[in-house]
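I have placed the structure first, in the form of C-alpha cells, so that the comments after it can refer back to it.
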Amino acid sequence: MTKRAIIVGAGAGGLSAAVDLATAGWKVDVFESNGEPGGKMHQRQVGDVGIDGGPTVFTMHWVFDELFKRAGAVFDDRVRLTESRRLARHAWTDGSHLDLFHDIDQSANAIADFSDEGNAQGYRRFCDDGELVHNLLRDNFMATSQPSPLRLGYRLLRDGGLKSLAVAPHQSLWSALGNYFSDPRLKQLYGRYATYVGSSPLSTPSTLMLIAHVERQGVWCVDGGMRALAHAIADLAMEHGAQFHYQSTVRKINCTNGRATGVTLASGETLAADAIIFNGDSAALSDGLLGDDVVKSTRTRKRRERGLSAITWCINANTSGFELDHHNVFFATNYEREFTTIFKSRSVCNEPTVYVCAQDRVNGKLSTEGKERLLLLINAPADGDHGAWTRSKLDQQRKNALDVLSRGGLKLAFSEADCVATCPDNWHQRFPGSGGSLYGAASHGMFSSFTRPSSASRVKGLYLAGGSAHPGPGVPMATLSGSIAAQRIQQDAA
Ligand SMILES: Cc1cc2nc3c(=O)[nH]c(=O)nc-3n(C[C@H](O)[C@H](O)[C@H](O)COP(=O)(O)OP(=O)(O)OC[C@H]3O[C@@H](n4cnc5c(N)ncnc54)[C@H](O)[C@@H]3O)c2cc1C
207 MTKRAIIVGA
217 GAGGLSAAVD
227 LATAGWKVDV
237 FESNGEPGGK
247 MHQRQVGDVG
257 IDGGPTVFTM
267 HWVFDELFKR
277 AGAVFDDRVR
287 LTESRRLARH
297 AWTDGSHLDL
307 FHDIDQSANA
317 IADFSDEGNA
327 QGYRRFCDDG
337 ELVHNLLRDN
347 FMATSQPSPL
357 RLGYRLLRDG
367 GLKSLAVAPH
377 QSLWSALGNY
387 FSDPRLKQLY
397 GRYATYVGSS
407 PLSTPSTLML
417 IAHVERQGVW
427 CVDGGMRALA
437 HAIADLAMEH
447 GAQFHYQSTV
457 RKINCTNGRA
467 TGVTLASGET
477 LAADAIIFNG
487 DSAALSDGLL
497 GDDVVKSTRT
507 RKRRERGLSA
517 ITWCINANTS
527 GFELDHHNVF
537 FATNYEREFT
547 TIFKSRSVCN
557 EPTVYVCAQD
567 RVNGKLSTEG
577 KERLLLLINA
587 PADGDHGAWT
597 RSKLDQQRKN
607 ALDVLSRGGL
617 KLAFSEADCV
627 ATCPDNWHQR
637 FPGSGGSLYG
647 AASHGMFSSF
657 TRPSSASRVK
667 GLYLAGGSAH
677 PGPGVPMATL
687 SGSIAAQRIQ
697 QDAA
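The sequence shown begins at 207 in our numbering and counts up one residue at a time.
Encoded structure:
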C-alpha cells in the first residue's frame with residue numbers, strides 16, 4: 207500500500223524531502239503557511255520590482271545536481287546559473303579594497319598586493335587546512351543522519367590519520383585565524399564566514415574554516431533569484447506527484463500511543479500520515495507551537511543559544527562612487543565589538559559591517575539602467591520575540607549602515623517608497639519559534655554541531671528537516687537535511 211508523508215513547510219529542507227519521498231513512490235502532501243515555496247528563499251516587492259530578501263550566495267552545486275539526478279532530471283537544465291568569477295568585493299572604512307576569487311593563485315596575489323607576502327602565504331596554508339577539514343567532514347559529518355562526537359572522532363582518525371588533528375575544534379575560529387593572518391583585516395574577512403551559520407567567529411570552532419573552502423569551490427548567481435531555485439525544486443516534486451497546499455498552516459501534530467500519526471490544519475481539518483516531516487524551526491516544537499503531543503520531540507533552545515538574526519533592507523537605488531559586484535562586504539572597524547554587542551549586550555553596533563548584494567550585477571556587469579536592486583544586511587541578535595525594533599530605531603540603524611557604505615566609497619540615492627526593511631521581529635513572525643534566528647542555534651563551542659536535532663525526532667514518526675536540524679543552516683545544508691530525513695523515513699518504514 208502507498209505510504210503517505212506530510213511535510214510541514216516548503217523551505218529548502220521540506221522541498222528536497224518532497225522530491226526524494228515522491229520519487230520513492232510515497233504520497234506526499236506539503237502544507238505551507240506562505241503563498242509559495244521557498245521559506246527564507248523569498249523576494250520582497252519593492253515598488254514594481256521583486257528583490258531577493260533572503261539567501262543570495264549559492265554554493266555546493268553538487269547537492270542540487272544529486273537531488274535532481276535522483277529524480278531523473280538535470281539541475282542545469284532547470285535552473286540557469288552564472289558562475290561568479292569574483293567571490294566578493296571587500297571594502298574597509300579606511301578606503302582599502304580587496305577582491306577575492308576561487309582561483310587560489312589569483313587571490314594570493316591580490317592578498318600580497320593588499321597586505322604582504324606573509325599574509326599571502328598564510329592564505330595558502332588556510333586554504334590547504336580548510337580543504338582538509340572539508341574533505342574529512344563532508345562524508346563523516348554532513349552526510350550522516352545522526353553524528354556523534356565519538357563516532358566522528360573514530361572515522362576522522364581512520365580516514366585522516368594524524369592530519370585530522372587539524373579539525374580538532376578546540377580553538378575558536380577567531381584565534382585560529384591568528385595562525386594564518388597577521389593583517390587584522392584578513393582575520394576579519396575570514397572570521398565573517400562564521401556568520402554564514404549564524405555564529406560569532408569569537409565563539410565558533412575553527413572547523414568552520416571549511417565554509418571558506420566551500421565558497422572557493424564556486425559561487426553562482428541564480429537567474430531569477432533564489433526564489434527561482436525554490437520553484438524549480440517544487441516543480442520537480444510535483445512532477446513526481448507531490449501536492450503543495452499553500453496558505454495552509456499546520457496548527458497541531460497529532461500522536462497516537464506516542465507516535466506521530468497526523469496533523470490538524472488551521473482550518474480544523476485533520477489528516478493522517480505514516481510519517482511527518484517538520485521543516486519549520488525545531489524550537490517551534492519544543493515551545494509547544496505545534497501542540498502538546500510533540501512538545502518533547504526536540505530539546506528546548508534558550509534565548510542565548512539562538513543564532514544570528516539580521517536587519518535587511520531591500521532597496522531599489524541609484525548607486526555611485528563604488529563599482530559593485532554581485533556580492534560586496536563593507537567592513538566596520540571593530541569586528542570583535544560587533545559580536546560582543548550582539549551576543550552579550552543583545553544589541554546592534556552603531557558601526558555595523560554591511561553585506562550588499564547587487565542583484566542586477568553579474569561579474570561586475572550591470573544589466574539595468576538607472577536604479578538597481580540591492581539587499582543590504584547587517585547582523586542582529588535574535589530577539590524578535592522581545593519586540594525591540596521601533597521605526598525610529600530601524601531608521602537610525604539604516605543611517606549607521608549607510609554611513610559605513612559611504613566611508614567605504616558607496617553612495618546610495620533612493621526614495622522611502624523604494625526601501626523595505628525586515629527586522630528580527632518580522633523574521634520571528636514569519637518563522638515561528640525562531641525568535642528571529644535565521645540559522646537555528648548558534649554553532650558556539652566544541653560540541654554545538656552535535657547538539658543540533660537529528661533527522662529523527664524523539665517522537666516516533668516525526669522527522670526534522672531544515673536549517674535548525676542536522677547538518678545545519680544554509681540553503682544547501684538544509685536541502686541535504688531534507689534528503690537525510692527522507693532517507694531515514696524510508697529506512698524506518700522498510
Ligand atoms: C537574510 C538571509 C540571508 C541568508 N543568506 C544565505 C546565503 O547567502 N546562502 C545560504 O546558503 N543561506 C543563507 N541563508 C540561510 C538559508 O536561507 C536558510 O538556512 C535556509 O533557506 C533554511 O531552509 P529551511 O529548510 O530551514 O526552511 P525555511 O526557509 O526556514 O522555511 C520553513 C518553511 O516552513 C513554513 N512553516 C513553518 N511552520 C509552519 C506550519 N506550522 N505550517 C505550515 N508551514 C510552516 C514557513 O512558512 C517556511 O516557509 C540566509 C537566510 C536569510 C533569512
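Even glycine gets a Cβ: it sits at the ideal position worked out from N, Cα and C.
Shortest gap from the CB of V425 to any heavy atom of ligand 1: 6 angstroms or more.
If you check the CB distance, L530 and V269 do not come in under 7 angstroms.
R292 has F307 as its beta-bridge partners, per DSSP. Annotation: F347 is outside any beta strand (DSSP E) and is labelled neither H nor E by DSSP. By the Cβ neighbour-count rule, Q394 is buried, with 16 or more other Cβ atoms within 10 Å of its own. By the beta-carbon neighbour count (other beta carbons within 10 angstroms, threshold 16), V456 is buried. As a beta-bridge residue in DSSP terms, C625 pairs with I521. Burial state of N460 is buried, judged by a 10 Å Cβ sphere holding 16 or more other Cβ atoms. Listed as beta-bridge partners of V214 by DSSP are F237 and F484. Taking 7 angstroms as the cut-off, the Cβ atoms of F484 and L670 count as close. Within the same chain, S553, V554 and C555 come within 8 angstroms of T547 by CB-CB distance, once the 5 residues on both sides are set aside.
When DSSP states are grouped into helix, strand and coil, P630 belongs to the helix group. Put simply, of Y402, V500 and H340 the residue whose alpha carbon is nearest the alpha carbon of R664 is V500. Comparing alpha carbon positions, the residue from Q696, D624, M683 and E578 closest to G253 is D624.
Per DSSP, the beta-bridge partners of S515 are A586. Per DSSP, R694 lies in no beta strand (DSSP E); the unbroken alpha helix (DSSP H) holding it starts and ends at V681 to A699.
With a cutoff of 6 angstroms, K571 does not count as near ligand 1, since its C-beta is closer than that to no heavy atom of the ligand.
For V626, the CB contacts under 6 angstroms within the same chain, skipping 5 residues up- and downstream, are R250, V252 and C520 in chain order. Here DSSP, grouped into helix, strand and coil, assigns G256 to strand. Residue pairing of Y669 in beta bridges, as defined by DSSP: I483 and A662.
In this structure, the C-beta of P659 stays at least 6 angstroms away from each heavy atom of ligand 1. Assignment of beta-bridge partners to N460 by DSSP yields G468. Residue range Y541 to F549 is occupied by the alpha helix (DSSP H) that includes T546. Sequence-distant Cβ neighbours of R284 in its own chain, meaning closer than 6 angstroms and more than five residues away, are A438. In the structure shown, E578 falls within a strand segment according to DSSP collapsed to helix, strand and coil.
Taking 7 angstroms as the cut-off, the beta carbon of K605 is found no closer than this to the beta carbon of S526.
Annotated as proximal: T288 and V568, with beta-carbon spacing under 7 angstroms. In the assembly as shown, Q565 is a buried residue. Its beta-carbon has 16 or more other beta-carbons within 10 Å. By the CB criterion at 7 angstroms, L582 and V560 fall inside the cutoff. Bridge pairing for T476: T470 [DSSP]. Boundaries of the beta strand (DSSP E) around H451: Q449 to H451. With a threshold of 16 other beta carbon atoms within 10 Å, D309 falls short and is exposed. Taking a contact to require three or more Cβ pairs closer than 8 angstroms, the stretch 257 to 268 and the stretch 443 to 458 do not qualify as touching.
Of all alpha-carbon atoms in F653, P679 and E445, the one lying nearest the alpha-carbon of S640 is that of P679. Here the stretch 311 to 325 makes no contact with the stretch 395 to 410; the two share fewer than three CB pairs at distances below 8 angstroms.
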